[in-house]
Each structure stands twice: as C-alpha cells, then as structure tokens.
C-alpha cells in the first residue's frame, strides 16, 4: 500500500497570533471546507484546542457518500503547530501537521498530510482517479477562503503538491 504526501504552503498578511487563533479553532474548519462537502462538527470543538482532544464530524467527500470522521489532536504547541490524526474515517492513515511561521509582513502557514488509502490496488486506483483531485480541490479552496478572509502578501504565491513517498 502506497503512502502519499500532500504539502501546502500559504503566505498571509496577518500576525502569528491571529493566524493561530483562526487555525487552532476547530469550528473554523467549516469555513475553509467546500460547501458541497457538507462538513458538520458533531462533537469536540466546544473548547480550546489541546493534545488528546477528540473531534467528531461528518463530511461528504464524494457525492452521495457521507462518512463520519474522528480526529485526535496528538501534538500541540501553542502558537506554532498542531497535529491531527484520523482515528476513524475513510483513510487507512491520515496524519496532518499544521505549522505557522512568522515572516516579514505576515505568516507562512504550512500543511503536511501523510495519508494511505484502504483496499490496496483499488485504493491506488482511487488515488489516481479522484482522491488526488479531490484533495487538491479542498486545499485550493482553503487557500482561496483564507485569502478572502485575510488578504494576500504581494509577491508571495501559494504552493500545493501531492506525491507518493
């Protein structure tokens, strides 16, 4: 079974405190998820983020397929980074690192997602046919939503890659 890595980088003209306040609030995930995915938090987002926090939600990754997803915040350093890992959901593995780096005139936000799909060769086929495209769409949507909310840094571009590792 192959392991894939998605890396996304974005530059925003805000301070690290404002970036952290937005990024570390699970309730904001709905604001940066495409509406057609019908993202809904079921539990766990009613308190400030902490290591060990469990967040349950439902999402429609593909039309007609609603799934429950349970994530645990496994690592957390106030103002700098956190890691969420899928405990139950559509992936065999989902390990998502969120970083905030202070830069001149703003911040760089970086996401690194390592993931595996179930079903062996069928999962690899799904990756080629629609999973890679869907994740690219979701993370590009996030870039646009964050730029709409906070603006952009002139001369800085966002980056998004998905590769087998």
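In the working numbering, the protein residues as written are 1 to 165.
Every residue, glycine too, gets a C-beta built ideally from N, C-alpha and C.
Whole-angstrom distance between residue j and residue i, CA atom to CA atom
i           : j           : result
residue 2   : residue 94  : 13 Å
residue 4   : residue 139 : 15 Å
residue 160 : residue 133 : 12 Å
residue 162 : residue 142 : 15 Å
residue 65  : residue 152 : 34 Å
residue 136 : residue 113 : 12 Å
residue 111 : residue 122 : 26 Å
Collapsed DSSP secondary structure at residue i in the structure displayed
i           : result
residue 123 : helix
residue 128 : helix
residue 29  : helix
residue 23  : helix
Residue closest to residue i, alpha-carbon to alpha-carbon, out of the options
i           : options           : result
residue 37  : 120, 46, 151, 57  : 57
residue 42  : 155, 68, 17       : 68
residue 48  : 25, 132, 33, 29   : 25
residue 52  : 66, 31, 75, 64    : 75
residue 72  : 165, 79, 60, 97   : 97
residue 104 : 7, 155, 39, 121   : 155
residue 14  : 115, 7, 85, 147   : 147
residue 17  : 79, 33, 6, 10     : 79
residue 92  : 123, 116, 34, 136 : 116
residue 63  : 149, 131, 157     : 131
residue 77  : 145, 126, 50      : 50
residue 167 : 118, 144, 129     : Here the chain has residues from 1 to 165 only, and residue 167 is not among them.
Any C-beta of chain D under 9 Å from that of residue i
i           : result
residue 138 : As a matter of chain content, chain D is missing from the structure shown, which is built from one protein chain.
Cβ-heavy atom distance, residue i to the ligand FMN, below 8 Å
i           : result
residue 132 : As presented, the structure is devoid of all ligands, the ligand FMN included, so that no description of it is given.
Close beta carbons around residue i, own chain, < 6 Å, minus the five adjacent residues each side
i           : result
residue 70  : 56, 87, 88
residue 28  : 22
residue 84  : 71, 73, 96
residue 164 : 2, 4
residue 102 : 16
Close-in-space but distant-in-sequence residues of the same chain around residue i (CB under 7 Å, 5 per side omitted)
i          : result
residue 19 : 12, 100, 107, 109
Neighbourhood of residue i by C-beta, 8 Å cutoff - its chain only, sequence neighbours within 5 removed
i          : result
residue 81 : 75, 97, 98, 99, 100
Complete alpha helix (DSSP H) runs within the segment 129 to 158 (minimum length 4 residues, chain order):
Taking 4 residues as the minimum length, the alpha helix (DSSP H) runs contained wholly in the segment 129 to 158 are 132 to 150, in order along the chain.
My parser needs the beta strand (DSSP E) runs of 3 or more residues fully inside the segment 31 to 109; what are they?
Every beta strand (DSSP E) stretch that sits fully inside the segment 31 to 109 and reaches 3 residues is listed by chain position as 40 to 43, 54 to 62, 65 to 77, 81 to 88, 93 to 103.
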